Amino acid sequence: MIDIFSTPALVTIILGSVALLIPIIDALNKERGTKNKVYSAIAFGALALALVVVIYRIFSGENLPALSLTNTGVIADDIFGAFFSIAFLIVSIMVTVSSWSYMKKKSNHAAYYSLILLSSIGMILIGYSTDFVMLLVAWELMSIPTYALAAFNKKDPISNEASIKYFLFGALSSAIIILAMGIVYGLTGTTNIYDSIVGMSQLNADLIPFGLLAVGLFIAGFGFKMGLVPFHMWLPDTYSGAPTTIATLLAAGTKKAGFAAAIRVIVIGLIALNVHWTFTLAIIAIFTMTLGNLGALTQKSIPRILAYSSIAQAGYILIGLAVAPYSNYGLDASLLQIMNHAVMKSAAFIAAAGVIITLAAYTLEKYKGLGFRMPITAFVFAISLLALAGVPPLSGFWGKYLIFGAAIDSGQMIWWGPYLAIAGVLNSALSLGYYAWIIRKMYMEEGENRVRQKEPKSIVAVLLFALGFMIIFGIWYGPLLDLASMAVPNDLIHLISTK
Amino acid sequence: MNQPTDFLYIAVILMSIGIYGLVVKRNALRLIFSIELIANAVNLALITFSRMLPSPQGQVFVLFSIAISAAEVAVGLGIIIIAYRFYKDIDITEYKNLKN
Chain V
1 MIDIFSTPAL VTIILGSVAL LIPIIDALNK ERGTKNKVYS AIAFGALALA
51 LVVVIYRIFS GENLPALSLT NTGVIADDIF GAFFSIAFLI VSIMVTVSSW
101 SYMKKKSNHA AYYSLILLSS IGMILIGYST DFVMLLVAWE LMSIPTYALA
151 AFNKKDPISN EASIKYFLFG ALSSAIIILA MGIVYGLTGT TNIYDSIVGM
201 SQLNADLIPF GLLAVGLFIA GFGFKMGLVP FHMWLPDTYS GAPTTIATLL
251 AAGTKKAGFA AAIRVIVIGL IALNVHWTFT LAIIAIFTMT LGNLGALTQK
301 SIPRILAYSS IAQAGYILIG LAVAPYSNYG LDASLLQIMN HAVMKSAAFI
351 AAAGVIITLA AYTLEKYKGL GFRMPITAFV FAISLLALAG VPPLSGFWGK
401 YLIFGAAIDS GQMIWWGPYL AIAGVLNSAL SLGYYAWIIR KMYMEEGENR
451 VRQKEPKSIV AVLLFALGFM IIFGIWYGPL LDLASMAVPN DLIHLISTK
Chain R
1 MNQPTDFLYI AVILMSIGIY GLVVKRNALR LIFSIELIAN AVNLALITFS
51 RMLPSPQGQV FVLFSIAISA AEVAVGLGII IIAYRFYKDI DITEYKNLKN
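From first to last, the protein sequence lines stand for chains V and R.
The first sequence begins at 1 in the numbering used here and counts up one residue at a time.
The second sequence begins at 1 in the numbering used here and counts up one residue at a time.
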């Protein structure tokens, strides 16, 4: 039975009621489609309230469990889910506030904010779900609104094309996930994640190939959303074609939800089945990092560069998942990087959205001299690019540092651990190539003119928040790391080794 | 009499047809059909497992799965109708504005 006062239930009620309320207000309103600011403010209020509830529940001293492995219900009220909820809510707040400026000249505002809220509920419930049925419902609640949001510029064929690609791959990925869940259910006779993992670890030898098939299908299904390399082909097109604020939601939100599901299912399930198969994740991580960075080097449009860079970042995060069974802080490091990446990538995409609103500029060439024309946007964009590259003392540095540290640490138990760290460091250097190139274009080269443009207010506010986050949690990273290690049980390795 | 495994074979055949359609066809509607075939093959397999085990969870799962696929296809068809207005065609090889 679900407790109505548990965090996921409360957050769902808050966000869900507001998401349904906004279209009702719009339908009752006489001048339809003119209240962008009101809806943006309402959505922001709901998301902020949800964020307060989640943070209050962590620190209210109720001793929430870290990652409740043994939960038999459909959702578990644990710190792991709360950690992801905080990341998703911060991203949704940044998207909603920046849409205040971005959606000003567009139509159908009520549907837009309502769909963003529904998608956030889906993402949050993925972090909390401990049952395959719940996971599937949450996964679709996250995905279906984003298909519609990606096609939101109805008059623009590019937005539509982005959405078709996203929809076809997204529908395929959910079919694959249902297939994997079906196989696991057939093998173990339960839809509870923990029970099925226990069942998988006690399989007969002749059924183990089916178990591995299920885990492979899970990697493929979640990998589509995470943007892992053999499944990444839709990602650059969709991120560059969709409205830029929605690309933020996809890159920083739904991608992280894929990781939440992957940690709940694959990492723990794979370990139960056969620990040596984490090598697969390691190989995917190396390919993801390298192809993402090489792809970004050849692009000329800023949203496409950011899309490829988010593929590369998924590779770094995956290193932490691959070494999770061998290192005490592999998962902690991944969670820290997930939180940091959510803010850094949102800041970069929202800065690009600000440039698109003001100058209608997409390509790298048009970013010449941006440092003089839009100083705040350009400065935060530059800082977020440096943070993505992992330059100390910005927040992205600590995530990468800990991930590579965990990879080296795992070298005591497996031979390939340190090679992951080497590949990661080389890729960071490679990525600095195109990040520095953009910064050079913005500050060192002369643009069309040096006239200072008026920057959209709400986007400046979001960017200043992100700037504060990146610098404060870069210098003083302790609290975030503590929260990340609270979310992962310390005895995960023992649980696994004694299975 | 029909054995439960017969239904599993049918599920595998349906799924193969779905995968064939995904790989070969380039019409957006046919792609949606193919994805739906895969999902429905899984639904059939889930019901069969639920009968074989026996446990009712699989059948509940299928109800959720059917409802969700319906919602998904509704959104997808909407997107394809908008695409048809732009191109007067639903062949996905026509959609290549986004190649750089």
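All residues carry an ideal CB built from backbone N, CA and C; glycine is no exception.
Because the structure is a prediction, the values reported are computed rather than measured.
Within chain V, no C-beta atom comes less than 7 Å from the C-beta of A70 of chain R; the nearest is roughly 11 Å away. For a Cβ distance threshold of 7 Å, nothing in chain R lies close to S309 of chain V: the least Cβ distance comes to about 16 Å. Not one beta carbon of chain V lies nearer than 9 Å to the beta carbon of Y9 of chain R. Counting other Cβ atoms within 10 Å of its Cβ, S129 of chain V reaches 16 or more and is therefore classed as buried. Identification of chain R residues near A151 of chain V by a Cβ-Cβ cut-off of 7 Å yields I79 and I82, ordered along the chain. Per the coordinates, the alpha-carbon of I459 of chain V lies some 19 Å from the alpha-carbon of N340 of chain V.
Checking the DSSP bridge columns, you'll see S428 of chain V has no partner listed. Residues of chain R whose Cβ lies closer than 9 Å to the Cβ of L179 of chain V are, in chain order, M15, I38, A39, A41, V42 and A45. Residue contact with chain R for N160 of chain V: present (Cβ-Cβ distance below 9 Å to some residue of chain R). Counting along the chain, G390 of chain V sits inside no alpha helix (DSSP H), nor does DSSP assign it H or E at all.
Excluding the 5 residues flanking it on each side, I177 of chain V has same chain C-beta neighbours closer than 6 Å at G221, in chain order.
One finds nothing in chain R with a Cβ atom closer than 9 Å to the Cβ of K37 of chain V; even the nearest lies about 27 Å away.
Judged by DSSP in its simplified three-state form, D156 of chain V adopts coil rather than helix or strand.
Judged by their CB atoms, N427 of chain V and M289 of chain V are nearer to each other than the 9 Å cut-off. When only Cα atoms are considered, A162 of chain V and Y84 of chain R end up about 14 Å apart. Listed along chain R is no residue with a C-beta nearer than 9 Å to that of T72 of chain V; the closest approach is about 13 Å. Cβ-Cβ distances below 7 Å link I356 of chain V to T244 and Y362 in the same chain, with the five nearest sequence neighbours on each side left out; the list follows chain order. Each residue's CA atom was taken as its position, placing A348 of chain V and P303 of chain V some 9 Å apart. At the C-beta level, Q412 of chain V and Y326 of chain V come within 9 Å of one another. In the DSSP annotation of this structure, the continuous segment of the alpha helix (DSSP H) that includes N36 of chain V starts and ends at N36 to F59. For the pair of segments examined, the segment 6–24 of chain V was found to touch the segment 112–130 of chain V: the number of CB pairs separated by less than 8 Å reaches three. Within the segment 213–231 of chain V, not one residue has a Cβ closer than 9 Å to any Cβ of chain R. Distances from the alpha-carbon of F404 of chain V to those of V:P393, V:Q337 and V:R450 put V:Q337 closest. Between L29 of chain R and I81 of chain R, the alpha-carbon positions lie close to 10 Å from each other.
Within a 10 Å sphere around the beta-carbon of K457 of chain V sit fewer than 16 other beta-carbons, which makes this residue exposed. Within the segment 4–53 of chain R, no beta strand (DSSP E) run of at least 3 residues lies entirely inside it. In the three-state DSSP reduction, I414 of chain V falls in the coil class, being neither helix nor strand. In the structure shown, S309 of chain V adopts helical secondary structure according to DSSP, grouped into three states. When the Cα atoms are used, I271 of chain V and R450 of chain V turn out to be separated by approximately 57 Å. Using beta-carbon distances, G182 of chain V counts as an interface residue toward chain R, with a partner under 9 Å. Around the CB of F397 of chain V, 16 or more other CB atoms lie within 10 Å, so the residue is classed as buried.
Per the DSSP secondary-structure output, I75 of chain V pairs in a beta bridge with V:S129. Under the three-state reduction of DSSP output, D91 of chain R falls in the strand class. Using a Cβ distance threshold of 9 Å, G241 of chain V and I116 of chain V do not count as a contacting pair. Cβ-Cβ separation between G76 of chain R and Y147 of chain V: approximately 7 Å, consistent with a contact (criterion under 8 Å). Contact of Y95 of chain R with chain V by beta-carbon distance below 9 Å involves P157, N160, E161, I164 and K165.
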